[in-house]
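Read the structure below first, then the notes.
Numbering (the working numbering), first residue to last: 233 to 455.
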């Protein structure tokens, strides 16, 4: 009887282990397959001899200064303006009035505006970082998971920003993927007011981290 119970327990534990492993790996592989064609046109080809594989470095990715190699340092994230934060909403995911910190860098506490980028509604590119984990653990009120579903955004989806008493509506233009040493997505474009939302992909996979950038453009107010 004991042997039978022991075998049953072993089988159950084995099945639980397989389920947990599958639930972790499936979203990662699913992301890679589903986005292979979507982003292939946006990634610059790299000669095979120059290929760099970005392994998990042990950097704390809840700190925004660790996200781009050669980008802003920790001291650059200090706020030099009069406004410490504003809010962002993505109706498609039930994200309402999420705090965007101007001058902070702790992504476990809020979304972070990248230093040196335009403020919302102004000409230029407002760049906002947000953390992500496995999509099955997405919680619109948790800043550790808040951008986990960002890859699901489509062209013309809406993003709302409330800054300094003014509401701005943005519509998604496109999505691109870059390696952590590609700083081009942080550059300013002065032709209009743009918004770039940035997170790590595949969500929950630190082995070869890339950056997903959702690019949106402000919708002019109706007269």
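Where a beta carbon is used, it is the ideal one built from N, C-alpha and C, also for glycine.
Because the structure is a prediction, the values reported are computed rather than measured.
Checklist entry - Do residue 395 and residue 319 have their C-beta atoms within less than 9 Å of each other? => result As a working note, residue 395 is residue 163 in the chain shown. As a working note, residue 319 is residue 87 in the chain shown. Yes; because the gap between Cβ atoms is below 9 Å, this pair is in contact.
Item to check | Straight-line gap, residue 356 to residue 366 (C-alpha atoms, nearest Å) | outcome: Counting from 1 along the chain shown, the entry for residue 356 is found at position 124. Counting from 1 along the chain shown, the entry for residue 366 is found at position 134. Approximately 32 Å, taken between the alpha carbons.
Next on the checklist: Quick check: the Cα distance between residue 334 and residue 354, rounded to an integer number of angstroms?
Outcome noted: On the chain shown, residue 334 is found 102 positions in, with the first residue counted as 1. On the chain shown, residue 354 is found 122 positions in, with the first residue counted as 1. Distance between the alpha carbons of residue 334 and residue 354 is about 15 Å.
Checklist entry - Among residues of its own chain, excluding the 5 on either side of residue 444, which ones have a beta-carbon nearer than 8 Å to its beta-carbon? => result Locating residue 444 in the chain shown gives position 212, counting from the first residue. Excluding sequence neighbours, residue 444 sits near 382, 383, 407, 408, 409, 430, 431, 432 and 433.
Item to check | Where residue 368 falls, given that 16 or more other Cβ within 10 Å makes a residue buried | outcome: As a position in the chain shown, residue 368 is number 136, starting the count at 1. With fewer than 16 Cβ atoms within 10 Å of its Cβ, residue 368 is classed as exposed.
Next on the checklist: Helix, strand or coil, according to DSSP, for residue 369 in the structure here?
Outcome noted: Along the chain shown, read from residue 1 onward, the residue named residue 369 stands at position 137. Residue 369 falls in the helix class under three-state DSSP.
Next on the checklist: Checking 9 Å against the spacing of the C-beta atoms, do residue 402 and residue 418 come in under that value?
Outcome noted: Within the chain shown, the letter at position 170 stands for residue 402. Within the chain shown, the letter at position 186 stands for residue 418. No.
Checklist entry - Any idea if residue 340 is buried or exposed, counting beta-carbon neighbours within 10 angstroms, 16 or more meaning buried? => result The residue you call residue 340 lines up with position 108 of the chain shown. Exposed, since its Cβ has fewer than 16 Cβ neighbours within 10 Å.
Checklist entry - What do you reckon, are the CB atoms on residue 345 and residue 361 nearer than 9 Å? => result For the purposes of this step, residue 345 is taken as residue 113 along the chain shown, with counting starting at 1. For the purposes of this step, residue 361 is taken as residue 129 along the chain shown, with counting starting at 1. Their beta carbons are under 9 Å apart, which means residue 345 touches residue 361 by this criterion.
Next on the checklist: With a threshold of 8 Å on Cβ separation, who are the neighbours of residue 388 within its own chain once the five nearest residues in sequence on each side are excluded?
Outcome noted: Taking the chain shown and counting its residues from 1, one reaches residue 388 at position 156. Only 403 and 404 meet the Cβ criterion.
Checklist entry - Based on Cα-Cα distance, which residue from 385, 364 and 386 lies nearest to residue 378? => result As a working note, residue 378 is residue 146 in the chain shown. Ranking the options by Cα distance to residue 378, first place goes to 364.
Item to check | CB of residue 342 within 9 Å of CB of residue 331, strictly | outcome: What you label residue 342 is simply residue 110 of the chain shown in a count that begins at 1. What you label residue 331 is simply residue 99 of the chain shown in a count that begins at 1. Going by C-beta atoms, residue 342 is nearer than 9 Å to residue 331.
Item to check | residue 446 (DSSP reduced to helix, strand or coil) | outcome: Counting from one through the chain shown, the residue named residue 446 turns up at place 214. Residue 446 falls in the strand class under three-state DSSP.
Checklist entry - Do you know offhand how far residue 448's Cα is from residue 323's? => result Locating residue 448 in the chain shown gives position 216, counting from the first residue. Locating residue 323 in the chain shown gives position 91, counting from the first residue. Rounded to the nearest angstrom, the two C-alpha atoms are 15 Å apart.
Item to check | Alpha-carbon spacing of residue 275 relative to residue 317, whole angstroms | outcome: Your numbering for residue 275 matches position 43 in the chain shown. Your numbering for residue 317 matches position 85 in the chain shown. For residue 275, the pLDDT reaches just 42, beneath the cut-off of 50, and the residue's location in the model is therefore unreliable, leaving the point undetermined.
Item to check | Assigned exposure category for residue 446 - 16 Cβ within 10 Å defines buried | outcome: In the chain shown, counting from the first residue as 1, residue 446 sits at position 214. With 16 or more other Cβ atoms within 10 Å, it is buried.
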